[in-house]
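In order, the protein sequences belong to chains L and E. Counted from 1, the first sequence has number 559 at position 42 by the working numbering; the numbering is strictly sequential. Counted from 1, the second sequence has number 112 at position 121 by the working numbering; the numbering is strictly sequential. Built from N, CA and C at the ideal position, the CB exists for glycine as well. Step one of this worksheet: look at the structure below.
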Amino acid sequence: MRIVIDIFLVIGLYFALAGTIGIIKMPDVFSRMQASTCVATLGMLCIAIAGILYAAFYMHNAGAAIKIAVIGLMVMVTNPIGSHVLARGAYKAGIRPEQKMEVDELGRDFDE
Amino acid sequence: MQKTKFPAVVATFLVCYAFWVLLTWSFKAQELAVGAGVSFLVALFAARFFIHEDAGWLFNPARFLKCIGYWLVIFPGELIKANLNMAKICFGGCTNINPGIVKVPTAMKSDYGLAAVSNSITLTPGTITMETAEDENGQNYLYVHWIDVKETDPEKAGEAIKGTMEKALKEVWQ
């Protein structure tokens, strides 16, 4: 069981590392936001699963396990709303990537 | 902001009460009663900020099971695929990206369906829903920021972004 918990932790950290590298190296706001989703979904979920398993099998505490599950659920529910509003707000505030985008249909439909 | 309607209050009440029970995790009669009272008050005041549609699908077992199945089986599969893709891009130095905003049509009509599809799209790394729009025929469109644009044709792009997710969600919500 210990090994399973460790595997989940390592997978979570791998995706968190990937997301962090993405946040540092991506060229513009929207791409950075895409990379940050990596941390908030699989990175967080795997670590939450590890926490649930630890609480259930080592602490024998059902309440703690369920609270971790609720934390995971809350992050999954609130994260898309937050990133959607941030991306939309940034676009509406006039932030555009330096590198030309492949297509920009939002700009085409709302800017003229 | 809309007027408070009864179905919205019921839906908000159920969500609040579920969270109360999960967070306290005690089944004494008085705690459950206090939770019900507080949830009802919160629902009464907060319901107008949320989706205004009949939450009757919660009580339809087939649709409810399909909804659970979506969030436990189909969606995690898509999530893992997209996450591996994103990790590859990030460890590859973030140079081979090709960002753009595409407009994709969606078959969803109801608010629940639209919310589920756009949140699923935002949760998968690589795509963020930025805006929704409706044309005069009642067809809904989503504006999606895509890190690696492969298709610019709306139909094909929609298929690539949300094909499997939307097919599964259409069985739950219209």
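Endpoints, beta strand (DSSP E) assigned at residue 124 (chain E): 118 to 125
Which same chain residues end up closer than 6 Å to residue 546 (chain L) when comparing Cβ atoms and leaving out the 5 residues on each side of it in sequence? 607, 612, listed in sequence order.
Which residue wins for smallest C-alpha separation from residue 597 (chain L), given the options E:135, E:36, E:28, E:6? E:135
Bridge partners of residue 92 (chain E), per DSSP? L:621, E:136
Helix, strand or coil: how does DSSP classify residue 595 (chain L) here? The answer is helix: DSSP assigns residue 595 (chain L) an H, G or I state.
Can you give the beta carbon distance from residue 565 (chain L) to residue 588 (chain L), rounded, assuming they're within the 8 Å contact cut? 7 Å
Those runs of the alpha helix (DSSP H) which lie wholly inside the segment 20 to 68 of chain E and span at least 4 residues: The alpha helix (DSSP H) runs lying completely inside the segment 20 to 68 of chain E and spanning 4 residues or more are 20 to 37, 52 to 60, given in chain order.
Going along the segment 12 to 30 of chain E in order, which residues come within less than 9 Å of chain L, judged by CB to CB distance? 13, 14, 15, 16, 17
If residue 3 (chain E) sits next to residue 34 (chain E), beta carbons under 8 Å apart, how far is it from one beta carbon to the other, in whole angstroms? 4 Å
Within 8 Å of any Cβ in chain E, is that where the Cβ of residue 621 (chain L) sits? yes
Other residues of its chain near residue 66 (chain E): CB distance less than 7 Å, five sequence neighbours each side excluded: 111, 156
I believe residue 121 (chain E) touches residue 604 (chain L) by the beta-carbon criterion, under 8 Å. Please report the beta-carbon distance rounded to the nearest angstrom. 5 Å
For the segment 91 to 108 of chain E, which residues have a CB atom closer than 7 Å to at least one CB atom of chain L, in sequence order? 91, 92, 93, 94
Going by C-alpha distance, which of E:106, E:10, E:82 is nearest residue 41 (chain E)? Closest by alpha carbon: E:106.
Taking residue 107 (chain E) as part of the alpha helix (DSSP H), name the residues at either end of that continuous run. 102 to 114
8 Å Cβ cutoff, residue 518 (chain L) in contact with chain E: no
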